[in-house]
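Protein chains: 4
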Amino acid sequence: MESRTGQTFVHCISVSWGDCDPAKIAYTGRLPTFALDAINAWWESVLEGDGWFQMELDRNVGTPFVRLEMDFKKPVTPRHKLMCHVWPVRLGNTSITFRVDGLQNEQLCFSTRTVSVCTVADTFEKQAIPQDIREAVKPHIPPEQ
Amino acid sequence: MESRTGQTFVHCISVSWGDCDPAKIAYTGRLPTFALDAINAWWESVLEGDGWFQMELDRNVGTPFVRLEMDFKKPVTPRHKLMCHVWPVRLGNTSITFRVDGLQNEQLCFSTRTVSVCTVADTFEKQAIPQDIREAVKPHIPPEQ
Amino acid sequence: MESRTGQTFVHCISVSWGDCDPAKIAYTGRLPTFALDAINAWWESVLEGDGWFQMELDRNVGTPFVRLEMDFKKPVTPRHKLMCHVWPVRLGNTSITFRVDGLQNEQLCFSTRTVSVCTVADTFEKQAIPQDIREAVKPHIPPEQ
Amino acid sequence: MESRTGQTFVHCISVSWGDCDPAKIAYTGRLPTFALDAINAWWESVLEGDGWFQMELDRNVGTPFVRLEMDFKKPVTPRHKLMCHVWPVRLGNTSITFRVDGLQNEQLCFSTRTVSVCTVADTFEKQAIPQDIREAVKPHIPPEQ
């Protein structure tokens, strides 16, 4: 997966008792949700507070996921905050690719890569990413090598 | 339920897309979890960072719930932060009673009342609340009327 | 709470690893969700397959909860199926009250009591329970003592 | 991903209201959980009722995930049962690879591929897959091409 370079947006998650399974670590099924929460927080940071809820309801824009990949490197526990680094790595005409690295105590716990497509929310039809969203995202896309 | 008086501990929750159901409000099944998260955060604030995870694993103390009551007053949405006010209302020999009020935009969304008993975590046996925990909780218990 | 009498609808839940917390029992926050799932299944059984999803989207009828009470009697574990007995105990003009008992291995794990009000789904306005739903529910309401 | 061939184990999931987000489809964060539930059910079918809970607690064997990939093809809704086809595709010395296809109304909704490693549950140390588990799994592994 693409490496983290420079400064990235960080979303901090408090992992707790209810996130953990009898192995005393966060249940695997919770980890994709943590990564998604982090991506939603990234959108909020870039679109003046608008996450998926506002994008869908106020802007009629959906960004459903078509792909999710996760490598699990170390268990996530309630012992430390989970720092989720989020950065977009590719902005297509109708799609956007994110990377999310989850770290605890400065050690990598999981790496995530997602691909979403842009839709008209109320019809589910694919659309080009609207210009204002494209402009807001573009500065965060790493330059082509 | 007992009213909130004076200053209470507040746990702030970011409600998001994934918490909501097709009615565009947080799913009822999520609300007890929010209240529990708030109680866990209260413990962390009172026990120097120790929530249920550390209480169970490091102190061998469990506080399983025996009772949960919730009144749902207004829908919870991602439009505002969910401010969960938590305060203990009764400290028995082996039990503790909490109230949690969830507010958004200064309006009451739900009221919660829970009762937990104290156990030896690894045996599930009821025990008197350990003295150090009792001392930490006591200052937060409202005086008898 | 009202006792279970005669034959009730039973919804069977497979509790698993991911439902459990480090105490090796189902996390308290999961139990209200189990009770809600059981009530949804009850609706499906009474309304020819229509649960909350179809009630809201196809019938424009909402039944949001205004009250939830649960007594937790015994831990829920993956060792046995969780048999959720659901029965309505009161049918008002605009409200319906349910009881849900969760049993494992024939022992009571939790007792639930909920109150829902009937709304027009797309406006959230309270409404009298529609006649066809009332007719479907009525035979299940216990006779007044 | 590897194609489904012949007869596979099928785990049936009832998707409901609480699984759905305001787009009226199952929330993306729920789908990995559905795939995991299906894999757990596969283990139960192969190990005489033992899922992850019993494997960890009774056999001291863990199978934590190190990799998860999902392609989302079609939205999952409560309109149809979600039929999760599960089959192992590779059995290594210390690892096992699963595929899970989720179908509704005979159409593919998502494809999943996971890799788990085998551990001694109480120490988290990697171990060779125990012989009895290996024997139970082997007949389900497709022959090398």
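Protein sequences appear in the order of chains A, B, C and D. When we follow the working numbering, the leftmost residue of the first sequence carries the number 318, and every step to the right adds one. When we follow the working numbering, the leftmost residue of the second sequence carries the number 318, and every step to the right adds one. When we follow the working numbering, the leftmost residue of the third sequence carries the number 318, and every step to the right adds one. When we follow the working numbering, the leftmost residue of the fourth sequence carries the number 318, and every step to the right adds one. Built from N, CA and C at the ideal position, the CB exists for glycine as well. On a predicted model such as this, the values are computed, not experimentally measured, just so you know.
Top-ranked residue by Cα proximity to residue i, from the options
i       : options                            : result
P459(C) : R407(C), T429(C), F441(C)          : R407(C)
E452(C) : W360(C), F370(C), T429(C)          : W360(C)
Q371(D) : W334(C), V363(C), L348(C)          : W334(C)
E373(A) : C337(B), G346(B), H402(B), E373(B) : C337(B)
V393(C) : K443(C), E442(C), R347(C)          : R347(C)
W404(B) : T411(B), V432(B), Q421(B)          : V432(B)
T350(C) : C435(C), T325(C), A445(C), S331(C) : S331(C)
I446(C) : N422(C), H328(C), R376(C)          : R376(C)
E365(C) : K455(C), T345(C), I450(C)          : I450(C)
V434(C) : H328(C), A352(C), T345(C), R384(C) : R384(C)
E442(D) : G409(D), T380(D), D388(D), K455(D) : T380(D)
Q444(D) : C426(D), P456(D), F427(D), G409(D) : G409(D)
M387(B) : R321(B), F326(B), A352(B), L399(B) : A352(B)
V454(B) : V327(B), R321(B), V363(B)          : V363(B)
Outcome for residue i when other beta-carbon atoms lying within 10 angstroms are tallied against a minimum of 16
i       : result
V378(D) : buried
G323(C) : exposed
A424(A) : Checking the sequence shown, residue 424(A) turns out to be Gln, not Ala. Answer is exposed; the Cβ neighbour count stays below 16.
G419(D) : buried
N357(C) : buried
T411(D) : exposed
V417(C) : buried
A355(B) : buried
C329(C) : exposed
Short CB-CB distance (under 8 angstroms) between residue i and chain C
i       : result
R384(B) : yes
W359(D) : no
G346(A) : yes
P395(D) : yes
W404(D) : no
Interface flag, residue i vs chain D, CB-CB below 8 angstroms
i       : result
K341(C) : yes
G379(B) : no
D354(C) : yes
Span separating the alpha-carbon of residue i from that of residue j
i       : j       : result
E319(A) : I413(A) : 14 angstroms
F463(A) : D367(A) : Because chain A spans 318 through 462 in this model, residue 463(A) falls outside it and cannot be assessed.
T440(C) : A340(B) : 10 angstroms
Q448(A) : K391(D) : 26 angstroms
T429(C) : E461(A) : 58 angstroms
W369(C) : H402(B) : 30 angstroms
I342(C) : P395(C) : 8 angstroms
T436(A) : Y344(D) : 16 angstroms
P456(D) : H397(C) : 28 angstroms
A438(D) : T325(D) : 28 angstroms
R321(D) : V327(D) : 12 angstroms
N422(B) : M400(B) : 9 angstroms
C426(D) : F382(C) : 31 angstroms
F501(C) : F389(A) : Any answer about residue 501(C) is impossible in this case: the structure gives chain C only from 318 up to 462.
Residue-chain proximity (residue i, chain B), Cβ-Cβ < 8 angstroms
i       : result
C337(D) : yes
M318(C) : no
M372(C) : no
P349(A) : no
F415(C) : no
As assigned by DSSP and simplified to three states, the class of residue i
i       : result
I330(C) : strand
A445(D) : coil
E386(C) : strand
P395(B) : coil
D367(A) : coil
I450(C) : helix
R347(C) : helix
D338(B) : coil
R376(B) : helix
I413(D) : strand
S320(B) : coil
D439(B) : coil
P456(A) : helix
C-beta neighbour in chain A for residue i, strict 8 angstroms
i       : result
D449(D) : no
W334(C) : yes
G409(B) : no
F326(D) : no
D388(D) : yes
A445(D) : no
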